[in-house]
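Residue numbers (this note's numbering), protein chains in the order written: chain A, 0 to 155; chain B, 0 to 155.
Every residue, glycine too, gets a C-beta built ideally from N, C-alpha and C.
There are 2 protein chains.
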Amino acid sequence: MLRRTYDGQTCSIARTLEVVGERWTLLIVRDAARGVTRFDGFLARLPIARNVLSDRLATLVRHGVLDRVQYQDRPPRHEYRLTAKGRELVPVLLSLMAWGDRHLGDDAGPPVVAEHAECGGPIDVHMTCRQCEGAVAPAEVVTREARRVGHVTRDV
Amino acid sequence: MLRRTYDGQTCSIARTLEVVGERWTLLIVRDAARGVTRFDGFLARLPIARNVLSDRLATLVRHGVLDRVQYQDRPPRHEYRLTAKGRELVPVLLSLMAWGDRHLGDDAGPPVVAEHAECGGPIDVHMTCRQCEGAVAPAEVVTREARRVGHVTRDV
Chain A
0 MLRRTYDGQT CSIARTLEVV GERWTLLIVR DAARGVTRFD GFLARLPIAR
50 NVLSDRLATL VRHGVLDRVQ YQDRPPRHEY RLTAKGRELV PVLLSLMAWG
100 DRHLGDDAGP PVVAEHAECG GPIDVHMTCR QCEGAVAPAE VVTREARRVG
150 HVTRDV
Chain B
0 MLRRTYDGQT CSIARTLEVV GERWTLLIVR DAARGVTRFD GFLARLPIAR
50 NVLSDRLATL VRHGVLDRVQ YQDRPPRHEY RLTAKGRELV PVLLSLMAWG
100 DRHLGDDAGP PVVAEHAECG GPIDVHMTCR QCEGAVAPAE VVTREARRVG
150 HVTRDV
């Protein structure tokens with residue numbers, strides 16, 4: 000009964016977790032977004048085995064989250080650069096970070112703060128309604144299965 | 000070398016993944032947010048073994064994401080209700096969903112749409128700056144390690 004993947008789930012959350020839900024993967028994306036590009040750079044920041052890191056990087060390259068680029072000829076050396084598609088995971092990272100800051104923090108406060116490059120202000124991730132343009136609280140989100148007309152399920 | 004947890008990471012993303020990063024956990028939170036409350040209800044929607052589901056539910060209860068509430072005396076039966084803390088994971092779910100809709104979709108369009116309960120409009124997850132109040136693109140996010148004064152790292 001226990002499947003090892005989310006393949007059977009027709010759901011964009013499950014599909015996304017197929018790409019970035021494996022242990023360490025989102026932390027690799029986090030570090031790539033912070034400017035880490037080289038294998039040894041990731042290895043220095045994450046306490047994982049080389050073969051696991053290799054495997055996760057290959058998955059991210061295969062899905063176009065990272066580009067693998069040769070930066071040196073002899074010997075050949077490659078680095079990993081976050082693509083535009085990969086960078087669009089930043090709201091996922093910041094919403095995970097905001098939840099952790101709020102609920103899993105310690106007395107020393109948030110370990111890392113996200114700021115707007117242009118003005119240095121703190122960044123909020125939030126939900127708004129494209130129609131009424133109002134802010135949307137978590138309890139005000141409903142979901143609808145778009146492929147079954149008229150079928151409405153409350154919340155997310 | 001390979002650790003099984005993210006414990007050594009002083010990072011709110013890693014801490015959050017300690018709670019919700021295990022395989023299936025975010026999909027359980029997704030279904031709880033959609034109104035599923037009973038063990039068999041989760042089991043019917045997720046192709047996982049009973050013992051794995053038990054284990055994940057227990058973790059979520061321990062961390063205050065779900066409340067375990069007795070709803071029947073004889074025999075005793077319990078249900079699982081998303082707490083306010085758990086509901087604050089909705090932006091995480093919606094940002095994962097938005098990325099999947101955009102990058103992993105098929106021709107049939109998004110399987111599920113998130114709407115504002117009040118007006119039925121579509122919901123966007125986005126980033127804004129609390130200082131200049133402008134919209135913030137992923138490439139405009141910088142992070143700073145808050146515990147090392149003056150140390151700035153570009154991006155997320």
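Legend entry - Ser-94(A) beta carbon less than 7 Å from that of Pro-109(B): no
Legend entry - Distance between Leu-42(A) and Leu-1(B) (C-alpha atoms, nearest Å): Only weak support exists for where Leu-1(B) lies, its pLDDT of 44 falling under 50; the coordinates are left without a value.
Inset, instruction - Run through the segment 42 to 91 of chain A for me and flag every whole beta strand (DSSP E) of 3 or more residues, listed as ranges in chain order. - result: 65 to 71 and 76 to 81
Inset, instruction - State yes or no: is the beta carbon of Met-0(B) nearer than 7 Å to at least one beta carbon in chain A? - result: Reliability fails at Met-0(B), whose pLDDT of 37 lies under 50, so the model's placement of it is uncertain and the value that follows must be treated cautiously. True, the Cβ-Cβ gap to chain A drops below 7 Å.
Inset, instruction - On the DSSP bridge assignment, give the partners of Ile-27(A) in chain order. - result: According to DSSP, which records beta bridges pairwise, Ile-27(A) is partnered with nothing at all.
Legend entry - Closest by C-alpha distance to Tyr-79(A), when choosing among Ala-57(A), Arg-73(A) and Leu-65(A): Leu-65(A)
Inset, instruction - Indicate whether Glu-139(B) and Ala-116(A) have their beta-carbon atoms separated by less than 7 Å. - result: yes
Legend entry - Listed by chain order, chain B residues near Ile-122(A) by CB distance under 8 Å: Met-126, Thr-127, Cys-128, Arg-129, Val-135 and Val-140
Inset, instruction - Please go through the same chain and pick out, in chain order, the residues whose beta-carbon is closer than 6 Å to the beta-carbon of Val-18(B), but skip the five residues on each side of it. - result: His-62
Legend entry - Distance between beta carbons of Pro-121(A) and Gln-69(B), contact taken as under 8 Å: That pair is no contact at about 42 Å.
Inset, instruction - Determine, using beta carbons only, whether Ile-12(B) comes closer than 7 Å to chain A. - result: yes
Inset, instruction - Reducing DSSP to helix, strand and coil, say where Leu-1(B) ends up. - result: Because the pLDDT of Leu-1(B) is 44, which lies under 50, any placement of that residue in the model is unreliable, and the question is left without a value.
Inset, instruction - Taking only beta-carbon positions, decide if His-115(B) is within less than 7 Å of chain A. - result: yes
Legend entry - chain A within 7 Å of Val-68(B), Cβ atoms only: no
Legend entry - Proximal chain A residues relative to Ser-53(B), where beta-carbon distance stays under 7 Å: The premise fails here: Ser-53(B) is roughly 13 Å from chain A at the closest Cβ pair, so nothing lies under 7 Å.
Inset, instruction - Compare the beta carbon distance of Asp-30(B) and Arg-44(B) with 7 Å and say whether it is the shorter of the two. - result: yes
Inset, instruction - Closer than 6 Å by C-beta to Met-126(A): which residues in its own chain qualify, once you throw out the five before and the five after it? Chain order, please. - result: Val-135
Inset, instruction - Go through its chain and collect everything with a Cβ distance to Glu-114(B)'s Cβ below 8 Å, but skip five positions before and after it. - result: Gly-120, Pro-121 and Ile-122
Inset, instruction - Quickly, what does DSSP pair Ile-122(A) with across the bridge? List them, please. - result: Cys-128(B)
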